[in-house]
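Protein chains in written order, with this note's numbering: chain F, 42 to 479; chain W, 21 to 292; chain G, 481 to 979.
Take a look at the structure:
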């Protein structure tokens, strides 16, 4: 197995540390627009990066292949490309492939570029059928019990494993997704000189070594039209300049851009490893992406709940909440304590049809939101938003732990929506007893 | 000196001592170098800068009696370490307004971001709208130097965190009827200075180190002075603002953490 | 037969300072000091002195100094004084040597070879005094995930007990410790929002009001176990073993079984209270499961069930079995754990350090994907807040403290608990001696200790840029080893300092 962590983390540090500037913009009406604005915004935050990484994620850019997984791959050698393409022929139906269009790196102000290729693929039907019969892959929180010599069988009855399993197996798309994740991990950890850096449908990640505005120009992003763009300018401290190490980090159509350093990394990672995720990039961003994948895709938690797992309210606040809300947050904190992202962070998470901005619960990294008509903007600073939209309807500093969620269908949700309607109200009684008398 | 001024084109000199610059596309180093050069030029008393967009540290290296008017969104650390000038921002300001500012005045006709007035040592900051997290954190005072922060709207968490001196005023003008201020942990670790709040706060929003009282002595006079200046700057009716009650927050103790640390011999222990 | 044992301690009395107040005479429960009326002099029988320092501490003029006795045998690297005396003691009694407290041998204390991390530049440290620092901890089985259906949470949460600091008072039974000492533990646990453990000696009726702060034990002796005992507590703990004496039982001698102790243990007064080595309904893992579910039935599935074992060589595999058998909490007691009475040879030679056992167990449960299904409590020689926070980083949910709590109340580790003569009144049953321990003052001292350690834990957490203890739990990246060999680093799952 090739050691991806040696590439991304050459000094063998606990993790790769990087801080940065973030930007995201979305039309909640699904209006598509070019990447030019995202490039201009990032140029304004030039000073927040140090030229060792920049990148963009764009959604809705491949309508002609909307039902295909778009794999963006970087190769360090032709052998890597040949081996990968051979592997893809055996695992996917490749509908189309081509070089990812780009300008000359020498004239773009970016570092020497690897070979950049993209593939539009489908999961073969026969594979799908086989998987449905004997399901394998990342096990998403479903533990396969090892033989339990003579131990009573009713253990599972008091757990919800069965129900989670059921919920997942109902979902055919999950089976395809898991299959794709598995193949991507196989390429990334098994084939030398090849790295898949984008694998979602009708979306793509474009990233590399350079300032973000230069990376954007290099990839000709002004020629793409998407309804949602996120961007990242990186300030790493301990990684070598490697195109795959830039952000956004992505898994399927999830992308994460992140600013800050998470002190709970070891705890987060250990928990995710227990759930079958292999953290080969050694970055906080990777850990956040996997956490979101586990919570939102596998455990089917709504995004505003996911935000409350990553940045939960403080106990002093929970203790003051009215009863059903207090019980919900207690249940979340005691079930997912290891996914609390502790320490300073701002993240912009995106997936098909949705963009989420979130700051850590004690507000140690910045996040500004802005709204103009159907546009939602998220940024580390206000100025970059003003660059692309001088006359905002509204702009504000986002409060810690309160997600800003933009959704297709013209909706922007600020804060925690769970208790605005009647949802989440009927909670099962939790038998939490406090030694403190609460 | 003159060569540096050429870096940015001076658009106009509308009146005696007044100069206008366009900051569009200029780096903060360029812009600040030009400002400093102009400010030290004889006869220049006011500089207006248009199209400010994210340039950091404006006012940091300026000293003395110069007025700077900023149109747009200045970048982080506006007026950091500033000593003397008066800055007007016609727009929102970002994080770190008046960071460790020594003297002078900053007036923001919009919102300010996180850590506004952090470790401020002297001078005044007026914000028409809201401020972000940890504003007025660790404000100080010493002798004659007594900084003032007046916020027209509300603040995010940790307002006045371990405040050591000075005066911070929250007017709550952006709150709806019956709405509470947004901040939690107000004045946590506060051990000096004073916070005056107009508008509703629940005691649970306050840090443990804070004592609540009604303004007394010359408190109302000082609030009225600050509100008067605020109202004049932003076009409010001071009397209307003063019509509502204010709450005074001050430290319970000048040494709130003394009993949490101990290093001593047997006979120095204070046993309860 | 004349004893060939030499005195262990020497008593130095400064006659110029001594005012003949006779505090030392009345305070020494081992009969060392005696007042001679005729000569107006206090004489000391050094052979009886155990070095508990009660007299020196209370002497109002500082006239007393108790030191290790300076007599010396010919130096011999193989035959230390301790070895010689132990042989002589056995030659004189023909009996197993019994002692109190924990292993006093100089085995490596791994806590002292682990270093903590702190934030610099890339993320901020957090100010623990001004900003919230969360130590709240939940003990009990956690669900594998939460399920929402139509906006409703449909997952049932297994029973949890919430504590406000990850420090719990260890199991010490009434009988082994005095009524006053157990009362102090209960009062302190209540004030601190944490738990104390009754041990296996029953639960006095007038302490039942502390129920939500009490863990009761169901051990091999089954003393005082009835449905109320089980249902009035917060947690029920099945005690399989104890760090100080893995694999063996014990007995409380008949002379310590007073009327009150007898009533609490539900046995006749004056009889020996026997705790068999095994639980005779548990000869295998499936039997453990049977007892766990018997207790769950008895408590209507409303209480977490804990299982406590001594840290032994294959603790990781055993722990995994315990979790699969249905334990909601597993408690591991390392070989430095204390005891009221244990054979010295067992105490000093059986079991493994808690640091290594904890690291191995946490790792095993993670690899098997079942770490969330049980909380891990660890015990066995926690001396300070740094030991505790390092245990959390190795994967513990909370820590049991026993010896440290006794020291807070006055204990000086003289190792005489088994004699019933504890001059500090902690392990004494003689009402005259036991009443020296004022339960309210003892409570104050316990609360102060835990409060101080809790503050120190917050300081260290803040330094690491963490404001909630759950983000340090199992976060071994915040630990580095120093002075350790490769295999030790591997077991602990930490890198070496500088790596």
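Built from N, CA and C at the ideal position, the CB exists for glycine as well.
- Since residue 840(G) and residue 813(G) are thought to touch, with beta carbons under 8 Å apart, how far apart are those beta carbons, to the nearest angstrom? Not a contact, Cβ separation roughly 15 Å.
- Could you run through the segment 180-198 of chain W and flag, in chain order, every residue whose CB is less than 8 Å away from some CB of chain B? Of the protein chains in the structure, F, W and G, none is chain B.
- Task: Could you check which residue in 233(F), 251(F), 225(F), 232(F) has the C-alpha nearest to that of residue 239(F)?
- Result: Comparing alpha carbon positions, the residue from 233(F), 251(F), 225(F), 232(F) closest to residue 239(F) is 225(F).
- Contact list for the segment 130-147 of chain W against chain F, Cβ threshold 8 Å: Taking 8 Å as the Cβ-Cβ cut-off against chain F, the residues of the segment 130-147 of chain W that qualify are 131, 133, 134.
- The alpha helix (DSSP H) enclosing residue 258(F), as first and last residue numbers: Run containing residue 258(F): 253-259, per the alpha helix (DSSP H) assignment.
- Environment of residue 228(W) [buried if 16+ CB atoms lie within 10 Å]: With fewer than 16 Cβ atoms within 10 Å of its Cβ, residue 228(W) is classed as exposed.
- Task: Less than 8 Å between the CB atoms is what I'm expecting for residue 709(G) and residue 972(G), so what's the real figure, rounded?
- Result: With 8 Å as the limit, residue 709(G) and residue 972(G) do not qualify as a contact, their Cβ atoms being about 39 Å apart.
- Start-to-end residues for the alpha helix (DSSP H) that takes in residue 506(G): Counted as a single uninterrupted DSSP element, the alpha helix (DSSP H) harbouring residue 506(G) occupies residues 503-507.
- Message: Using only the alpha-carbon positions, how far apart do residue 618(G) and residue 644(G) sit?
- Response: About 9 Å.
- Item | Which listed residue (672(G), 641(G), 822(G)) has its alpha carbon closest to that of residue 926(G) | Nearest to residue 926(G) by alpha-carbon distance, out of 672(G), 641(G), 822(G), is 672(G).
- Message: What ranges does the alpha helix (DSSP H) occupy inside the segment 513-541 of chain G, keeping only unbroken runs of at least 4 residues that lie completely in it?
- Response: Listed in chain order, the complete alpha helix (DSSP H) runs (minimum 4 residues) inside the segment 513-541 of chain G are 534-538.
- In whole angstroms, what separates the C-alpha of residue 167(F) from that of residue 218(F)? Between the alpha carbons of residue 167(F) and residue 218(F) lies a gap of roughly 15 Å.
- Task: Note down, in chain order, every chain W residue with its Cβ under 7 Å from the Cβ of residue 644(G).
- Result: The contacting residues do not exist; residue 644(G) stays about 15 Å from chain W at best.
- Task: Using a Cβ-Cβ cut-off of 8 Å, state whether residue 122(W) counts as contacting chain F.
- Result: Not an interface residue.
- Which residues in the same chain have their Cβ closer than 7 Å to the Cβ of residue 280(W), if we skip the five residues on either side of it in sequence? No residues qualify anywhere along the chain.
- Please decide whether residue 274(F) counts as near chain W, where near means a Cβ-Cβ distance under 8 Å. Taking Cβ atoms only, chain W never reaches closer than 8 Å to residue 274(F), which makes this a no.
- Query: Per DSSP, what kind of secondary structure is residue 282(W) in: helix, strand or coil?
  - Reply: Three-state result, residue 282(W): coil.
- Query: Does the beta carbon of residue 203(F) sit closer than 8 Å to a beta carbon anywhere in chain G?
  - Reply: Residue placement at residue 203(F) is poorly supported in this model, since its pLDDT is 43, which falls under 50; the coordinates are not used for a value here.
- Message: For residue 751(G), which residues in the same chain have their Cβ closer than 7 Å to its Cβ, ignoring the five residues on either side in sequence?
- Response: Around residue 751(G): 734, 737.
- Item | Whole-angstrom distance between residue 435(F) and residue 338(F), CA atom to CA atom | Approximately 32 Å between the Cα atoms of the pair.
- Message: Quick check on the DSSP output: the alpha helix (DSSP H) that includes residue 325(F) runs from which residue to which?
- Response: Segment 325-333, the alpha helix (DSSP H) holding residue 325(F).
- Neighbouring residues, chain G, relative to residue 280(W) (Cβ below 8 Å): One finds 609, 935 in chain G with Cβ atoms closer than 8 Å to the Cβ of residue 280(W), taken in chain order.
- Which of the three DSSP states, helix, strand or coil, is assigned to residue 42(W)? Here residue 42(W) sits in strand by DSSP.
- Task: May I have the straight-line CA-CA distance separating residue 323(F) from residue 952(G), to the nearest angstrom?
- Result: Counting only the Cα atoms, residue 952(G) lies some 18 Å from residue 323(F).
- residue 247(F) to residue 249(W) span [Cα, whole Å]: Those two C-alpha atoms are separated by around 51 Å.
- Message: Just to confirm the assignment, what range does the beta strand (DSSP E) spanning residue 418(F) have?
- Response: Where residue 418(F) is concerned, the enclosing beta strand (DSSP E) starts and stops at 416-420.
- Message: Quick check on the burial criterion: 16 or more other C-beta atoms within 10 angstroms. Buried or exposed for residue 118(F)?
- Response: Under a 10 Å Cβ-count criterion, residue 118(F) is classified as exposed, with fewer than 16 other Cβ atoms of the shown protein chains found around its own Cβ.
- Task: Could you spell out where the beta strand (DSSP E) holding residue 812(G) opens and where it closes?
- Result: Looking at the DSSP string, the run of the beta strand (DSSP E) that includes residue 812(G) is 809-813.
- For residue 407(F) and chain W, any beta-carbon pair shorter than 8 Å? Chain W places a beta carbon closer than 8 Å to that of residue 407(F), counting this residue as a contact.
- Hey, would you say residue 498(G) sits closer than 8 Å to residue 543(G), going by beta carbons? Yes.
- Task: Would you mind telling me which residues of chain W sit closer than 8 Å to residue 258(F), beta carbon to beta carbon, in chain order?
- Result: Residues of chain W passing the Cβ test: none, with the nearest at roughly 16 Å.
- Query: Which residue's Cα is closest to the Cα of residue 947(G): 357(F), 241(F), 410(F), 424(F)?
  - Reply: Nearest of 357(F), 241(F), 410(F), 424(F) to residue 947(G), Cα basis: 357(F).
- Task: Report the three-state DSSP secondary structure of residue 309(F) (helix, strand or coil).
- Result: DSSP, read as helix, strand or coil, puts residue 309(F) in helix.
- Message: Please tell me whether residue 88(W) has its Cβ less than 8 Å away from any Cβ of chain F.
- Response: No, residue 88(W) lies away from the interface with chain F (no Cβ there is under 8 Å from its Cβ).
- Classify residue 967(G) as buried or exposed, calling it buried when 16 or more other Cβ atoms lie within 10 Å of its own Cβ. Burial call: exposed.
- Message: Between which residues of its own chain and residue 163(F) is the CB-CB distance below 8 Å, once the five residues before and five after are set aside?
- Response: Correct list, in chain order: 108, 109, 110, 133, 134, 136.
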